[in-house]
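Everything on this sheet refers to the single structure shown next.
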Amino acid sequence: MKKHNFYAGPSILSQYTIDNTIAAIKDFDNMGLSLLEISHRSKQFVNVFNEACALVKELLEVPEGYSVLWLGGGASMQFAMVPFNLLNKKAAYIDTGTWASNAIKEAKLFGEVDVIASSRDKNFSYFPKDFTVPTDADYLHFTSNNTIYGTELRKDPDSPIPLVGDMSSDIFTRKIDVSKYDLIYAGAQKNLGPSGVTLVIVKNDALGKVERTIPTMLNYMTHIKKDGMYNTPPVLPIYASLQTLRHYKEQGGVEKFQALDEEKAAVLYDAIDNSRMFVGTAAEDSRSIMNVCFVMAPDYAELEQAFIDFATARGIVGIKGHRSVGGFRASLYNALPLDSVKALVETIKEFEKKN
Ligand SMILES: *Cc1c(COP(=O)(O)O)cnc(C)c1O
4 MKKHNFYAGP
14 SILSQYTIDN
24 TIAAIKDFDN
34 MGLSLLEISH
44 RSKQFVNVFN
54 EACALVKELL
64 EVPEGYSVLW
74 LGGGASMQFA
84 MVPFNLLNKK
94 AAYIDTGTWA
104 SNAIKEAKLF
114 GEVDVIASSR
124 DKNFSYFPKD
134 FTVPTDADYL
144 HFTSNNTIYG
154 TELRKDPDSP
164 IPLVGDMSSD
174 IFTRKIDVSK
184 YDLIYAGAQK
194 NLGPSGVTLV
204 IVKNDALGKV
214 ERTIPTMLNY
224 MTHIKKDGMY
234 NTPPVLPIYA
244 SLQTLRHYKE
254 QGGVEKFQAL
264 DEEKAAVLYD
274 AIDNSRMFVG
284 TAAEDSRSIM
294 NVCFVMAPDY
304 AELEQAFIDF
314 ATARGIVGIK
324 GHRSVGGFRA
334 SLYNALPLDS
344 VKALVETIKE
354 FEKKN
């Protein structure tokens, strides 16, 4: 039985992505060779690479003057690469949870960090709305979707200085105005492909302004100058990501997924809000459409494991909440069908009836 996959990451991918990647592992582009055993400089793979970059630009309407890179090291590597390359004296950060805090920790290694807003006071259950962005900072960094706490800012913040966005868990789920950003990064394993590659979109003019020496591999310019192929890129994750991008385009692009994702989230939040046993943990105006976090109401706290077991028996996997929040988390990434959300809603209703 195909499972209803609510894992937070690595997470569900489209069947199109899985099938085409399997086919290429067996025989890539009729070369009589596996994707796993060919040169990254073969014309067949260079075509894959170029198409993946072009589709990112098309789907996100990236303006001229930006480069698309596919880097190793995960989104966590970007926590350091961003300030290494962009922070001269001072940067502003919004602290909305574990990932943002990790980014802040790394930035402090490179200069002054002004944490202009934080939701730590309420266990990161909301996205701070009131903050003043210092005009003398080099950039404002924010995490658009907080995968662990289920909060999201579904717009580009107003800022007098360039933005840097960690969009690991909500890229390709809404239109963004890329021109407001110096840099956007996203680990692939939430909404794009398998783990092992991180998508980076960087404004060329934002680079080369810091005075420090940057190690070759950690310098964005190294990769830009060599068309993303300074060293061996993660061939397999890039191939799989290209399949997802093709699928996104075929299905009608970001706007189509935005509508679908909003519908899926509405269906699930509605079920939670109308249940007596379950409560959502995120403030209503900050609710993520990607990661829906909820817990048992206090009177039913002892039923938590029973609900997980009940859901597992119905083919629902990956709904256990992150250990820092507890309870449940259902991740509704682009590849998750509405039917899986309906199956979870049915499970919630049946569980309530039985208990
Ligand atoms: C998962 C995640 C990360 C960490 O990604 P890695 O690729 O494991 O380093 C960073 N930021 C956000 C928002 C995430 O969801």
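Quick note: the sequence shown uses this note's numbering, first residue 4, plus one each step.
Backbone N, C-alpha and C fix where the C-beta goes; we use that ideal spot for every residue, glycine too.
Please read these numbers as outputs of a predicted model, since none were measured by experiment.
Y184 and V85 have their C-alpha atoms spaced approximately 12 Å apart. Between K46 and F82, the gap from beta carbon to beta carbon reaches 9 Å or more. In this structure, G168 sits away from P240, with a CB-CB distance that is not shorter than 9 Å. Its chain contains M280 as the residues whose beta carbon lies nearer than 6 Å to that of Y303, once the 5 sequence neighbours on both sides are disregarded; these appear in chain order. At a cut-off of 8 Å, the beta-carbon of D208 does not count as near ligand 1: no heavy atom of the ligand is closer than that. Approximately 6 Å separates the beta-carbon atoms of V298 and T284; this is inside 8 Å, confirming the contact.
G255 and H7 have their C-alpha atoms roughly 23 Å apart. Non-local C-beta neighbours of I28 in its own chain, meaning closer than 7 Å and more than five positions away in sequence, comprise S37, L38 and L39, ordered along the chain. In the three-state reduction of the DSSP assignment, H43 falls in the coil class, being assigned neither a helical nor a strand state.
Between ligand 1 and G190, a heavy atom-to-CB distance of less than 8 Å is present. When distances are taken from the beta-carbon of D169 to the heavy atoms of ligand 1, the shortest one is below 8 Å.
Residues of the same chain with a CB within less than 7 Å of the CB of T225, apart from the 5 flanking positions on each side, are T219 and Y233 in chain order.
Distance from the CA atom of K357 to the CA atom of G153, rounded to whole angstroms, is 28 Å.
P163 has its alpha-carbon roughly 20 Å from the corresponding atom of N88. Counting along the chain, the unbroken alpha helix (DSSP H) around Y223 starts and ends at Y223 to K228. Contact between the region 42-60 and the region 90-107 is absent: fewer than 3 CB-CB pairs across the two stretches fall below 8 Å. The DSSP-derived three-state label of K125 is helix. Assignment of beta strand (DSSP E) within the region 100-124, counting only whole runs of 3 or more residues, yields 115-121 in chain order. When only Cα atoms are considered, D30 and L248 end up about 21 Å apart. In the DSSP annotation of this structure, D161 is not part of any alpha helix (DSSP H), being labelled neither H nor E.
Annotation for L335: F9, D264, K267, A268, L271, I292, M293, N294, V295 and V344 place their beta carbon closer than 8 Å to its own, counting only its chain and skipping 5 residues before and after. Between the alpha carbons of L90 and R44 lies a gap of roughly 33 Å. Secondary structure at K132: coil, using DSSP grouped into helix, strand and coil. The residues F354, in chain order, have a CB closer than 6 Å to that of F310 in the same chain once the five nearest residues on each side in sequence are set aside. Cβ contact annotation for V71 (same chain, cutoff 6 Å, sequence separation greater than five): C56, V59 and I204, in chain order.
Counting only runs of at least 3 residues, the region 56-100 fully encloses the following beta strand (DSSP E) elements, listed from N- to C-terminal order: 69-74 and 93-98. Fewer than three beta-carbon pairs drawn from the region 122-135 and the region 73-81 are found closer than 8 Å, and the two stretches are therefore not classed as touching. Counted as a single uninterrupted DSSP element, the alpha helix (DSSP H) harbouring D312 occupies residues E307 to T315. Distance from F260 to T176 at the Cβ level is roughly 6 Å; contact confirmed, criterion being Cβ atoms closer than 8 Å. With a cutoff of 8 Å, S198 counts as near ligand 1, since its C-beta is closer than that to a heavy atom of the ligand. Note: M299 is bridge-paired with F281 in the DSSP secondary-structure output. Excluding its 5 nearest sequence neighbours in each direction, I119 has C-beta neighbours in its own chain below 8 Å: A95, Y96, I97, F134, T135, V136, P137 and L143, listed in chain order.
In this structure, the beta-carbon distance from N23 to Q246 falls below 9 Å.
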